[in-house]
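First residue of the sequence shown? That's 1 in this note's numbering, and the numbers climb one at a time after it. Input: a single structure, listed below in structure tokens.
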Amino acid sequence: MTEPSEESRPLEAPAIQLLQDVDSERIPIRIHDMTIAYERKPVLWDVDLDVPEGKLVGIVGPNGAGKSTMILAIMNLVPKASGWVRIYGEPYEEMRRIVGYVPQRESVDWDFPISALEVVTMGRYGHVGWVRRPSRHDKQIAEESLDKVGMADLANRQISQLSGGQQQRVFLARALAQDARVYLMDEPFAGVDAATEEAIIEILMELRAQGKTILVVHHDLQTVTRYFDWVIMLNMRVVASGPTSEVFNDTTLNKTYGGRLTVLSQAAQAVQDYERGRG
């Protein structure tokens with residue numbers, strides 16, 4: 001892909017901390033030179049990124065910055081124009097069992113006739129397969145996961161009959177039941193009450209203490225420093241990535257949330273140049 005000239009570049013070189021001295025097999029998520037475009041409209045552009053192990057990582061950026069797309073791209077759910085993603089040094093398809101996913105509430109069909117316990121039990125399918133029936137042990141893990149998120153009393157309630165916060169807890173329980181090493185969460189705090197948000201962040205911090213890696217799309221800038229020890233600041237490109245105390249500041253916030261139209265125009269030109277080069 002053709003790089004824009006220095007004169008047209010609206011941002012300085014991004015402050016991205018790559019894990020140079022760590023073997024790929026020990027890096028939970030590594031993204032290299034990844035570009036994603038929908039009908040030639042750039043969504044993510046030339047992304048290079050390492051996510052360190054055992055961290056609670058926030059992804060922040062303006063609307064349309066590509067935050068949710070990055071989560072989907074890690075799971076190979078959107079096509080890439082270029083680049084690749086590795087989970088502990090391997091393609092996602094070979095590591096999907098160790099990756100748990102909590103989607104945006106808006107992307108779920110809540111009218112599907114299924115109970116909270118059945119949703120959570122689905123988190124065990126990576127262990128038992130889709131053909132075999134979950135064992136009593138699997139159901140016990142699902143029940144324990146529901147209890148952990150405070151939903152044991154509503155295990156048999158239809159998912160459509162739960163409140164937004166309760167639905168979010170159920171999907172978190174499903175991810176817990178999977179017993180993953182890497183968790184991808186797309187705005188898990190959106191639309192939930194304060195008590196649910198506090199319960200969720202406590203669970204995420206417990207997962208971090210267990211050495212798990214949690215990647216969270218987040219929109220509330222006021223809680224970034226309290227929730228996350230590592231932050232990715234995204235505006236189609238990675239503006240900054242590193243320990244929150246080092247990279248989350250006024251300078252990077254201005255670069256991330258300012259100059260949006262300039263970045264979009266520049267990226268669109270780069271995608272067009274790339275398409276011409278392939279033609």
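Each residue gets a CB set at the ideal place from its N, CA and C atoms; glycine is no exception.
Open item on the list: If you follow the beta strand (DSSP E) that LEU176 is in, where does it begin and where does it stop?
Closed with: Element bounds for LEU176: not the beta strand (DSSP E) but the alpha helix (DSSP H), 164 to 178.
Open item on the list: If you follow the beta strand (DSSP E) that SER82 is in, where does it begin and where does it stop?
Closed with: 82 to 86
Task: Alpha-carbon to alpha-carbon, HIS137 and GLY64 - done: Answer to the nearest angstrom: the Cα atoms are 42 Å apart.
Task: Beta-carbon proximity of VAL99 to LEU184, cut-off 8 Å - done: yes
Task: Alpha-carbon to alpha-carbon, GLN222 and LEU49 - done: Answer to the nearest angstrom: the Cα atoms are 24 Å apart.
- [ ] Report the rounded CA-to-CA distance for VAL238 versus ILE232, giving the unit in angstroms.
- [x] 7 Å
TODO: Determine the extent of the alpha helix (DSSP H) in which LYS148 is found, giving its start and end residues.
DONE: 136 to 148 is the extent of the alpha helix (DSSP H) around LYS148.
Open item on the list: For LEU18 and ARG226, what's the separation of their Cα atoms in angstroms?
Closed with: 23 Å
Open item on the list: On the criterion of 16 or more Cβ atoms from any shown chain inside 10 Å, does TYR38 qualify as buried, or is it exposed?
Closed with: exposed
Open item on the list: Tell me the DSSP secondary structure of ARG237 in three-state form.
Closed with: strand
Open item on the list: If distances are taken between C-alpha atoms only, which option among GLN167, ILE71 and ALA209 comes closest to ASP111?
Closed with: GLN167
TODO: For VAL78, collect the residues of the same chain with a Cβ closer than 7 Å to its Cβ; drop the 5 residues on either side in sequence, then sort them by chain order.
DONE: ILE36, THR69 and LEU72
- [ ] Answer yes if the segment 26 to 35 comes into contact with the segment 48 to 62, meaning at least three C-beta pairs across the two stretches below 8 Å, and no otherwise.
- [x] yes
Task: Cα-Cα separation between GLU202 and SER241, rounded to whole angstroms - done: 23 Å
TODO: For MET1, name the three-state secondary structure that DSSP assigns.
DONE: In this prediction, MET1 has a pLDDT of 41, which is less than 50 and means its spatial position is unreliable; what the coordinates show is noted afterwards. Coil, per DSSP.
Open item on the list: Please classify ASP186 as buried or exposed, where buried requires at least 16 other C-beta atoms within 10 Å of its C-beta.
Closed with: buried
Open item on the list: Tell me the residue span of the alpha helix (DSSP H) that contains ASP250.
Closed with: Boundaries of the alpha helix (DSSP H) around ASP250: 250 to 257.
Open item on the list: If I measure Cβ to Cβ from ALA155 and keep anything under 6 Å in the same chain, skipping five residues before and after, which residues do I get?
Closed with: ALA116, LEU117 and LEU146
Open item on the list: Please report the distance separating the alpha-carbon of THR2 from that of GLN158.
Closed with: Below a pLDDT of 50, predicted positions are generally treated as unreliable, and THR2, at 38, falls in that range; the measurement from the model is reported next regardless. So the alpha carbons of these two residues sit roughly 51 Å apart.
Task: Beta-carbon proximity check, TYR92 vs ASN76, cutoff 8 Å - done: yes
TODO: Report buried or exposed for GLU197, applying the criterion of at least 16 other Cβ atoms within 10 angstroms of its Cβ.
DONE: In the assembly as shown, GLU197 is a buried residue. Its beta-carbon has 16 or more other beta-carbons within 10 Å.
TODO: Please report the residue range of the beta strand (DSSP E) in which ILE203 lies.
DONE: Element bounds for ILE203: not the beta strand (DSSP E) but the alpha helix (DSSP H), 194 to 209.
Open item on the list: Quick check: the Cα distance between ILE74 and ALA195, rounded to an integer number of angstroms?
Closed with: 30 Å
Open item on the list: Considering only the alpha carbon of each residue, which of ILE59, VAL108, ARG40 and LYS55 lies closest to SER82?
Closed with: ARG40
Task: Nearest candidate by alpha-carbon position, reference GLY211, set ARG86, PHE189, VAL182 and PHE171 - done: VAL182
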